[in-house]
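For the sequence shown, the numbering used here begins at 16 and goes up steadily by one.
Each remark here refers to the structure printed beneath this line.
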Amino acid sequence: MPPPPASLLKTYPRRIDVPLGIVGAGTLLGVGLALPVMSIKRLVFWKDDYSIIAGVVSLWQEGYFVLGTIIGAFSVVFPAVKLGAMIALWFTPMREDARRRYLRWLAALGRWSMLDVFVVALTIVLTRANAFADVAPRAGLYVFAGAVVLTTIVSVEMERLARRAGKAAPP
């Protein structure tokens with residue numbers, strides 16, 4: 016009779032670094048989405064700060080629905096879903112085959128992790144090319160990038176722990 020499924024939390028009860036990393040990444044993500052990621056100064060008179068959330072809302076208001084949806088999906092929804100998957104993988108008891116499927120899904124999500132940071136950085140570079148505007152990165156970009164990097168580090172560690180737990184489980 017196979018052993019009952021166990022969560023990674025039950026398998027590694029002393030590993031508080033993983034849940035703390037998930038909480039830290041979630042906090043950085045929320046702050047990074049709300050803080051301005053860039054500041055645009057046009058001529059001498061106008062200065063605007065844009066957060067990722069404000070940028071997505073602005074794109075929708077201006078009728079750029081496809082671009083707003085893409086940036087919203089990759090910068091807001093995608094990281095939140097990845098963090099939710101990591102929480103489920105750590106806390107939910109599951110059989111080894113289900114955990115392996117989850118890990119493959121999480122690895123596929125991980126391949127796209129830096130796309131949202133790349134889009135924001137590309138936006139800053141393209142806007143800097145405009146002679147009438149001065150664009151500067153703001154704290155939100157660095158906090159958001161930190162969330163993506165921390166999420167990647169924690170997910171790699173979770174994969175390593177899950178594989179080690181799978182090897183230790185009897186067939």
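Glycine included, C-beta positions come from ideal geometry on N, C-alpha and C.
Status (buried if at least 16 other CB within 10 Å, exposed otherwise) for residue i
i, result
"A36", "Just to set this straight, residue 36 is Gly in the shown sequence, not Ala. Buried, because 16 or more other Cβ atoms sit within 10 Å of the Cβ of G36."
"R179", "exposed"
"P51", "buried"
"I168", "exposed"
"R41", "Note that residue 41 is Gly in the sequence shown, not Arg. So G41 ends up on the buried side."
"M173", "buried"
"G47", "buried"
"K97", "buried"
Residue i vs residue j beta-carbon contact at 8 Å
i, j, result
"I55", "V158", "no"
"W127", "V33", "no"
"W162", "L44", "Per the sequence shown, residue 162 should be read as Ala rather than Trp. A contact, by the Cβ cut-off of 8 Å."
"R110", "A177", "no"
"G155", "S22", "no"
Cα-Cα separation between residue i and residue j, rounded to whole angstroms
i, j, result
"G70", "F80", "12 Å"
"K182", "F93", "30 Å"
"R153", "R116", "38 Å"
"T166", "G125", "9 Å"
"V91", "L118", "21 Å"
"I68", "A49", "6 Å"
"I31", "A160", "23 Å"
"W75", "L82", "8 Å"
"W120", "P19", "23 Å"
"G87", "A95", "11 Å"
"T107", "V164", "24 Å"
"F133", "E77", "23 Å"
"M53", "D63", "8 Å"
"A103", "I85", "25 Å"
"F89", "A100", "15 Å"
"V171", "K25", "19 Å"
"S73", "G39", "28 Å"
"Y27", "R175", "12 Å"
(request) Please go through the region 24-88 and give each complete beta strand (DSSP E) segment of 3 or more residues, from N-terminal end onward. (result) Here the runs fully enclosed are 51-57, 61-66.
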